[in-house]
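Residue numbers (the working numbering): 188 to 281.
The beta carbon of each residue, even a glycine, is placed where N, CA and C say it ideally should be.
As structure tokens, the structure follows; a few thoughts come after it.
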């Protein structure tokens, strides 16, 4: 993974959680693995477990699936948006 400034780490985690929690996709457990190479740089791996949709309608559920599978998992635009916010996504898998 790319190196990140450890001062920025809390902001990255907060922004990622805000993005994930802002829609109807929820998860029951999240894991953070933070490795500092120096006091000011390192890597972080964020893993969400048991992701689900709490959509109330079929249309909301379809939108959740589209956001997860087409946007977050496959889209280069998602990576670009995250990079513009200071987050370098080096890999994604589901």
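Between residue 216 and residue 236, the C-beta spacing is below 8 angstroms. Distance from the CA of residue 257 to the CA of residue 231, rounded to the nearest whole angstrom, comes to 24 angstroms. For the pair residue 249 and residue 229, the Cα-to-Cα distance works out to about 37 angstroms. A Cβ-Cβ contact shorter than 8 angstroms links residue 241 with residue 213.
Exclusion of the five residues before and after residue 218 leaves 234 as the residues of its chain whose Cβ lies within less than 6 angstroms of its Cβ.
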